[in-house]
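Below you'll find the structure, written out as C-alpha cells, and then a few comments.
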Amino acid sequence: MEATQQEQFDRSTVQARTAQIAQHLSALEWITEGPRVERLSTDFAWFSPVLKRDLAGLVADAVVRPTTEDEIKSVVAACAQAQVPITVRGSGTGNYGQCTPLHGGVVLDLSAYNQLLWQRGDVLRAQAGLRMVDADRATRPNGWELRCVPSTFRSATIGGLYGGGFGGIGSINYGPLASTGNVLGVRAMTIEPEPRVIELRAPEALLLHHVYGTNGIVLELELALAPAHDWAESIACFGDFENALRFADALANAPGVAKKSVTLLAAPIGDHLLQLAASLAPGQHAVLCIVADSGSQALRELCAAHHGTLTHHKTAAEVAASNRTIAEFTWNHTTLHAMKVDKSLTYIQSGFVSGQHLQQARAMRELFGDEVLLHLEFIRTKEGAMTASGLQLVRYTTEARLNEIMQLHQQHGVYIANPHVYRVEDGKQGQINPDVVATKLQFDPQGLLNPGKLKGWWVRDALMADVRAGKVSLATLPRF
Ligand SMILES: Cc1cc2nc3c(=O)[nH]c(=O)nc-3n(C[C@H](O)[C@H](O)[C@H](O)COP(=O)(O)OP(=O)(O)OC[C@H]3O[C@@H](n4cnc5c(N)ncnc54)[C@H](O)[C@@H]3O)c2cc1C
Numbered sequence: 027m028e029a030t031q032q033e034q035f036d037r038s039t040v041q042a043r044t045a046q047i048a049q050h051l052s053a054l055e056w057i058t059e060g061p062r063v064e065r066l067s068t069d070f071a072w073f074s075p076v077l078k079r080d081l082a083g084l085v086a087d088a089v090v091r092p093t094t095e096d097e098i099k100s101v102v103a104a105c106a107q108a109q110v111p112i113t114v115r116g117s118g119t120g121n122y123g124q125c126t127p128l129h130g131g132v133v134l135d136l137s138a139y140n141q142l143l144w145q146r147g148d149v150l151r152a153q154a155g156l157r158m159v160d161a162d163r164a165t166r167p168n169g170w171e172l173r174c175v176p177s178t179f180r181s182a183t184i185g186g187l188y189g190g191g192f193g194g195i196g197s198i199n200y201g202p203l204a205s206t207g208n209v210l211g212v213r214a215m216t217i218e219p220e221p222r223v224i225e226l227r228a229p230e231a232l233l234l235h236h237v238y239g240t241n242g243i244v245l246e247l248e249l250a251l252a253p254a255h256d257w258a259e260s261i262a263c264f265g266d267f268e269n270a271l272r273f274a275d276a277l278a279n280a281p282g283v284a285k286k287s288v289t290l291l292a293a294p295i296g297d298h299l300l301q302l303a304a305s306l307a308p309g310q311h312a313v314l315c316i317v318a319d320s321g322s323q324a325l326r327e328l329c330a331a332h333h334g335t336l337t338h339h340k341t342a343a344e345v346a347a348s349n350r351t352i353a354e355f356t357w358n359h360t361t362l363h364a365m366k367v368d369k370s371l372t373y374i375q376s377g378f379v380s381g382q383h384l385q386q387a388r389a390m391r392e393l394f395g396d397e398v399l400l401h402l403e404f405i406r407t408k409e410g411a412m413t414a415s416g417l418q419l420v421r422y423t424t425e426a427r428l429n430e431i432m433q434l435h436q437q438h439g440v441y442i443a444n445p446h447v448y449r450v451e452d453g454k455q456g457q458i459n460p461d462v463v464a465t466k467l468q469f470d471p472q473g474l475l476n477p478g479k480l481k482g483w484w485v486r487d488a489l490m491a492d493v494r495a496g497k498v499s500l501a502t503l504p505r506f
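Quick note: the numbering used here has the sequence shown finishing at residue 506, numbered continuously throughout.
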C-alpha cells in the first residue's frame, strides 16, 4: 500500500500559532525557554546511535504542564482549532524518541496530572501522570502493587507505560501489559475543536496501547493489581554459562517460588555494573533474582544444585531500609549502566520462542561471541508460556552491521523489536494495524497527535476502503 498522505506542517506557521495559544492560555504552566523545551522534547533515544542521529535537533515550540482535565481540554481545543501538533509526554523515559515531536508544536506534559483516584481491592484507577513508584507506595500497605513495571518505575508514569512501554518487572507472572486482564479501562480525550472524553473498557481499552500517543490522550487508566509480597533480592553467580542459563530457567519456572523477576546477564556484562562490583566477580555470569522472602531457601537450593554461588542476598526488610533495589540493574537499566562504562555499546530487543528459548539463546551466544552480549529477562508471553526476552548489548561498529545482527536473529527464528527506529510500525508492532488506524480516525481525525510516528495514517483512506470492501477486517470494532 502506497504512503500517499504524509503529514505536512509548515514549521513557522506552527511556531507562530503555538505562541498564540500559549499567550491565549497564559493561566496554564508553559515552558518556553530553549534548553528546557529541548530537554522536554527528548527521551532516552540516545541509547541508539542511529536514533541519536535521526532525531537530532527535533524540538517542540513550547511545553505545557496542565493539572486538570479542563486545562488539558483547553489546550487540545486550541491546538485542534489551529492545526498545531500535540505530543504527549509522561516522564520522557521512553527509548525511541517517542515523545520527540517531528513537526514541532506543543508537548503536553502530563506529569502533574497525577492523582490516584481510587483503589478497590485489586483494581486501581489513576490519572495518567501518576508515577509508578507512587502508585505502589499507595497500594502496598493494602497488600497490592502494580502487576508489571519498567525498571524506570521511580520516574516513569502509568500513562507512559501504556503509551510507549511493554512491561518489565512482574511480567514473569503477568506477561506484558497487553496481556488480557491487565488493563481494564482507559478514559481518553479526542483531538477536536470540541474535545470529547470517551471511556473504553477491555478489550477496546488496549486500542491506544503502545502507539506512542498517536491515537488519543489517555487521561485515566484502570489497572488490575497483583498481591504484594515481601520481595527479597539475590544475585547468583556462575563460572559456567550453561549452569547460569539452566538455573535462571528453573527458577523462572519453579511454581512454588513466588517471584517478580529473573534476569540473566552473561559475562562480561556484570563487569560493567560498577555499583554491584562487590557481588559480581569479574568474568562471572550473573542471575539477578527478585523472589519472595518465603522463596529464599528454595532459591539457595536451586543455586547450589546448579553449582552457583549466592553473592548477594537482602531480605525484603533490608531492601526497604536501603532504598536501593537490584531492579534498577535489570531491563534497560543494564544497558544504561553498561553504556556509562563503555560508550561503544548499544543494544537490541528480542523475543525468544517459548520452549526453544534456551536453545536459541545458546545459539545466538555462539554465533556472535563477544560482539553481542546476552541479557535475558524471563517473562511470560501474552498467552502465559514462560520464555525469555532479550536486551542484548551490542558492540556497535556500523549501522549496516547492527541491522545485519538483527536480521541474523530473525533468520534464526528470534523475534526482533527494533529499538533503532522511531515509527510505531517499524518497532514492536511490526506492521500496519488497521485497528490502530481506525481508532486514530475516531480520536484524532486531523492527525495532530505525535504526527509522523504512525505509518498506517498515511494509507488510511486505502485501508478503510479495504475494510468497507471486506478485504480487511477489524479485530476489535471500536464502538464509539
Ligand atoms: C533505563 C531504562 C529502562 C527501561 N526499562 C523498561 C522496561 O523495563 N520496560 C518497558 O516497557 N520500558 C522500559 N523503558 C522505557 C520507558 O521507561 C517505559 O516504557 C516507561 O513506562 C515510559 O514512561 P514515561 O512516563 O517516561 O513515558 P514517556 O517516555 O513520557 O512516553 C512514552 C510514550 O507514551 C506516550 N504517552 C505518555 N503519556 C501518554 C498519555 N497519557 N496518553 C497517550 N500517550 C501517552 C508518549 O507520547 C510517548 O510516545 C526503559 C527506559 C529506560 C531509559
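Backbone N, C-alpha and C fix where the C-beta goes; we use that ideal spot for every residue, glycine too.
Since we're looking at a predicted model, the values are computed, not measured.
Taking all protein chains in view, the Cβ of P92 is crowded by 16 or more other Cβ atoms within 10 Å, so the residue is classified as buried.
Exclusion of the five residues before and after P75 leaves T372 and Y422 as the residues of its chain whose Cβ lies within less than 7 Å of its Cβ.
Q153 counts as buried, since no fewer than 16 other beta carbons sit within 10 angstroms of its beta carbon. For V317, the beta-bridge partners assigned by DSSP are A258 and K285.
S376 carries a strand assignment under DSSP once its states are collapsed to helix, strand and coil. One alpha carbon belongs to Q31, the other to W484, and they sit about 4 Å apart.
The Cβ neighbour count for D135, taken over all protein chains shown within 10 Å, is at least 16; the residue is labelled buried. Where L210 is concerned, there is no enclosing alpha helix (DSSP H), although the beta strand (DSSP E) around it starts and stops at V209 to M215. The nearest non-hydrogen atom of ligand 1 is 7 Å or more from the C-beta of L172. Taking 7 Å as the cut-off, one finds no heavy atom of ligand 1 near enough to the beta carbon of C263. For R43, the uninterrupted alpha helix (DSSP H) segment begins and ends at R37 to H50. The beta carbon of I217 sits closer than 8 Å to those of V102, C105, A106, I112, G242, I243, F469, D470, P471, Q472, L474 and L475, all from its chain and outside the five residues before and after it, given in chain order. Contact check between the stretch 272 to 290 and the stretch 309 to 316: three or more CB pairs, one atom from each, fall below 8 Å, which counts as touching.
A Cβ-Cβ contact shorter than 8 Å links Q418 with I374. Residue state for H438 is assigned as coil, using DSSP reduced to three classes.
Assignment of beta strand (DSSP E) within the stretch 162 to 246, counting only whole runs of 3 or more residues, yields 170 to 172, 209 to 215 and 223 to 227 in chain order.
In the DSSP assignment, Q382 falls outside any beta strand (DSSP E), carrying neither H nor E. CA-CA distance, R326 to M412, rounds to 22 Å. DSSP places L134 in the uninterrupted beta strand (DSSP E) bounded by V132 to D135. Distance between I405 and Q49, taken at the CA atoms: about 48 Å. Under DSSP, no beta-bridge partner is assigned to E55. Counting only runs of at least 4 residues, the stretch 403 to 428 fully encloses no alpha helix (DSSP H) element at all.
R213 counts as buried, since no fewer than 16 other beta carbons sit within 10 angstroms of its beta carbon.
Excluding five sequence positions before and after P219, the CB atoms of its chain that fall closer than 7 Å to its own CB belong to A103, A106 and Q107, given in chain order. In the pairwise beta carbon analysis, the stretch 141 to 149 is classified as not touching the stretch 59 to 75: fewer than three pairs are separated by under 8 Å.
In this structure, ligand 1 has a non-hydrogen atom nearer than 7 Å to the beta-carbon of D69. The nearest non-hydrogen atom of ligand 1 is less than 7 Å from the C-beta of H359.
For the 8 Å CB-CB criterion, Y448 and G123 form a contact. Distance from T119 to G186 at the Cβ level is roughly 7 Å; contact confirmed, criterion being Cβ atoms closer than 8 Å. I98: member of the alpha helix (DSSP H) spanning E95 to A108, first to last residue. Burial of D461 is indicated by the presence of at least 16 other C-beta atoms within 10 angstroms of its C-beta.
By the criterion of a C-beta distance shorter than 6 Å, F35 is surrounded in its chain by H129, once the five residues flanking it on both sides are discounted.
Taking non-hydrogen atoms of ligand 1 into account, the C-beta of T289 is found less than 7 Å away from none of them.
Straight through space, the alpha carbons of A231 and I261 are spaced by roughly 37 Å. Secondary structure of K340 (DSSP, three-state): strand. Just so you know, the alpha carbons of R173 and Y188 end up roughly 13 Å apart.
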